[in-house]
Amino acid sequence: MTGLRERRRRSTRKDISQAAAALVLERGLADVTVEEIAHRAGVSPRTFFNYFPSKRSAVIPGPEPLPADLVEAFVADRGRPVLDGLVALFSDERVLTDTERADLRTAQELVTRHPELVPVLHERMAEFERVVVDAVARRLEAPSGDCRPEVAAAVLGVLLRVAMTRGLDDPTRQCVIGAEFQADLARAFAALRAL
């Protein structure tokens with residue numbers, strides 16, 4: 175369960191990120207300042223920098239942290255193969271809101287319009303991958319130098335990208351994560367196993 179302080183922090187971070195994305199889509203990355211982003215988000219520039227080190231990092235903020243209870247359940251579940259456990263973890267019944275779905279589409283559009291944001295997107299993906307690597311390493315009790323956690327995280331990244339792209343590319347779908355996403359992820363995993 176998330177406390178009030180953490181919910182407020184996440185809300186402020188989201189407000190700043192949405193303001194940054196909206197302004198950059200309206201005027202372009204080079205024509206937006208941190209001060210303008212802060213003003214649109216209703217915060218001071220100092221508060222902006224409490225959340226993001228740069229304008230670019232605010233435009234592509236990265237995913238919300240995985241719920242700790244789900245990560246711990248994955249780590250403790252040694253009864254099935256790691257990739258099966260990862261697919262189950264990311265097939266959890268978390269349905270993105272319309273706002274979050276729009277945020278994913280916005281990020282996709284921003285990177286398309288502003289290729290200079292690609293390195294920021296790669297940083298965000300690397301942050302996410304580190305969380306997965308850590309969880310897999312803990313689950314496997316992997317010794318230092320064991321490459322299995324990195325391999326599992328990389329494979330999961332490909333499976334998630336395939337499943338999420340299908341959801342993002344179809345505007346008639348209700349969610350990126352949920353029943354349809356679970357089916358797409360399961361199909362991607364089955365395709366991998368069939369190779």
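For any residue, its number in this note's numbering is found by taking its place in the sequence shown, counting from 1, and adding 174.
Glycine is no exception: its CB is placed at the ideal position from the N, C-alpha and C atoms.
Predicted, not measured: the structure shown is a model, and the values here were computed from it.
Collapsed DSSP secondary structure at Gln-356 in the structure displayed: Along the sequence shown, read from residue 1 onward, the residue named residue 356 stands at position 182. DSSP places Gln-356 in helix when its eight states are reduced to three.
Find the nearest neighbour of Ala-262 within the set Gly-216, Arg-279, Leu-244, judged by alpha-carbon distance. Residue numbering aside, residue 262 sits at position 88 when the sequence shown is read from its first letter. Ala-262 has its Cα closest to that of Leu-244, out of Gly-216, Arg-279, Leu-244.
Quick check: the Cα distance between Phe-226 and Val-294, rounded to an integer number of angstroms? By 1-based counting over the sequence shown, the position of residue 226 is 52. By 1-based counting over the sequence shown, the position of residue 294 is 120. The straight-line gap separating the alpha-carbon atoms of Phe-226 and Val-294 is approximately 12 Å.
Meets three-Cβ-pair contact criterion under 8 Å: the region 254 to 261 and the region 311 to 329: Contact check between the region 254 to 261 and the region 311 to 329: three or more CB pairs, one atom from each, fall below 8 Å, which counts as touching.
Enumerate in chain order the residues of its own chain whose CB-to-CB distance from Ile-190 is below 7 Å, with the five nearest sequence positions on each side excluded. For the purposes of this step, residue 190 is taken as the residue at position 16 of the sequence shown. Cβ neighbours of Ile-190 beyond the five flanking positions: Ile-211, Ala-215, Val-217, Phe-222, Tyr-225, Phe-226, Ala-232.
Measure from the alpha carbon of Gln-192 to the alpha carbon of each residue in Arg-230, Glu-303, Ala-360, then state which is nearest. Numbered from its first residue, the sequence shown carries residue 192 at position 18. Of the listed residues, the one whose Cα sits closest to Gln-192 is Arg-230.
Out of Arg-298, Arg-187, Leu-369, which one is the CA nearest neighbour of Pro-219? On the sequence shown, residue 219 is found 45 positions in, with the first residue counted as 1. Measuring from the Cα of Pro-219, the nearest candidate turns out to be Arg-187.
Does the Cβ-Cβ distance between Glu-297 and Ala-327 come in under 8 Å? Start at 1 with the first residue of the sequence shown, and residue 297 comes out as number 123. Start at 1 with the first residue of the sequence shown, and residue 327 comes out as number 153. No. Outside cutoff.
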